[in-house]
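Numbering (our numbering), first residue to last: 78 to 340.
Comments concern the structure below.
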């Protein structure tokens with residue numbers, strides 16, 4: 078049940094997308110719209126996507142956010158939040174990302190899934206995700222909340238497409254069914270120094286579970302996860318702030334390494 082009218086949703090989508098495109102920060106939008114509900118938040122996000130696709134952007138997949146149980150509790154949500162990925166967010170391995178195009182970028186290590194068959198909810202579970210998965214690979218998500226000083230609530234985050242900005246995936250793939258995704262170890266290095274460590278279980282107990290939750294979320298909105306989708310299953314460690322001059326490398330057990338530079 079939405080509380081905001083279509084005009085307000087369109088206006089918020091235009092405002093938030095402009096903040097993203099112009100790298101301008103903003104106070105959280107729930108300050109102006111305290112009655113906004115979860116459906117409203119996803120409606121704004123979908124309106125942002127509609128603006129992008131109208132200009133020729135192509136959806137390449139989805140991402141999960143707030144996937145650690147501690148983070149969910151902190152933000153008052155019972156399941157992760159989800160956002161879309163379009164081709165304009167994708168960067169090649171080793172790419173130089175211009176910090177001037179972002180507000181306050183941070184990086185997160187991700188285990189990424191690519192599907193070979195469509196997944197439909199409700200009732201999607203880990204087994205279905207593993208069966209539909211073509212391969213998994215390592216990835217780095219660059220998040221960049223449009224909210225001033227990273228002060229926000231979960232509804233504002235959803236409307237802002239869960240802080241999506243850029244992402245890169247590695248070039249080494251593996252069959253998800255051959256790995257124990259829960260114990261997969263990751264090390265994130267900044268300028269050659271390890272700054273964050275974790276294992277796949279940090280993502281709702283199993284990164285594939287985050288994908289299942291995404292599929293069930295899409296089902297509740299009358300959608301499915303198409304074949305050939307890329308899913309960033311959620312940050313395995315805390316997000317690490319980056320600035321111009323930083324080089325970031327992610328090493329994932331069995332999935333090799335992937336890196337980015339910031340200029």
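Beta carbons: idealized from backbone N, C-alpha and C, even for Gly.
Quick caveat: nothing in here was measured; it's all calculated off a predicted structure.
Report yes if the C-beta distance between residue 302 and residue 143 is below 8 Å; otherwise report no.
-> no
C-alpha gap between residue 275 and residue 103, whole angstroms = 32 Å
Local Cβ density within 10 Å of residue 185, reported as buried at 16 or more and exposed below that = buried
Which stretch, first to last residue, makes up the alpha helix (DSSP H) that contains residue 271?
-> Per DSSP, residue 271 belongs to no alpha helix (DSSP H); it is in the beta strand (DSSP E), 270 to 276.
Distance, residue 227 Cα to residue 253 Cα | 34 Å
For residue 174 versus residue 219, is the C-beta spacing smaller than 8 Å?
-> yes
Does the beta-carbon of residue 283 have 16 or more other beta-carbons within 10 angstroms, so that it is buried, or is it exposed?
-> buried
Near residue 287, what residues of its chain come up, given a Cβ to Cβ distance below 7 Å and the 5 sequence neighbours on each side ignored?
-> 141, 144, 157, 280, 281, 310, 311
Rounded to whole angstroms, what's the CA-CA distance from residue 257 to residue 109? Just pull it up for me.
-> 45 Å
If you pair each beta-carbon of the region 237 to 247 with each one of the region 328 to 336, do three or more pairs fall below 8 Å?
-> yes
So, is residue 341 buried or exposed, given that buried needs 16 or more other C-beta atoms within 10 angstroms?
-> Residue 341 is absent from the structure shown; the chain starts at 78 and stops at 340.
Measuring alpha carbon to alpha carbon, tell me which of 314, 216, 330 ends up nearest residue 168.
-> 216
With 16 other CB atoms within 10 Å as the buried threshold, where does residue 260 fall?
-> exposed
Measuring CB to CB, does residue 241 end up less than 8 Å from residue 89?
-> no
Endpoints, beta strand (DSSP E) assigned at residue 210 | 210 to 220
Return the chain-ordered list of same chain residues with a C-beta closer than 7 Å to the C-beta of residue 154, the five sequence neighbours on each side being excluded.
-> 143, 231
What beta strand (DSSP E) runs, 3 residues minimum, are completely inside the region 136 to 222?
-> 136 to 142, 158 to 163, 183 to 192, 210 to 220
Under a Cβ-count criterion, where at least 16 other Cβ atoms within 10 Å of its own Cβ denotes burial, should residue 95 be classed as buried or exposed?
-> exposed
Candidates 295, 176, 265, of which the one nearest residue 101 by Cα = 176
With 16 as the cutoff for other CB atoms within 10 Å, does residue 187 come out buried or exposed?
-> buried
Are the Cβ atoms of residue 53 and residue 137 separated by less than 8 Å?
-> Only positions 78 to 340 of the chain appear in the structure, and residue 53 is not among them; the question remains open.
CB-CB under 7 Å to residue 113, same chain, minus the five flanking residues each way: which ones, in chain order?
-> 80, 81, 107, 232
Helix or strand or just coil, what does DSSP make of residue 123?
-> helix
Do you know how far the Cα of residue 325 is from the Cα of residue 124?
-> 32 Å
Candidates 340, 178, 180, 162: which alpha carbon is nearest residue 190's?
-> 162
Residue 134 (DSSP reduced to helix, strand or coil) | coil
How about residue 329 and residue 272: do their beta carbons lie closer than 8 Å?
-> no
Where residue 105 falls: helix, strand or coil (DSSP) = coil
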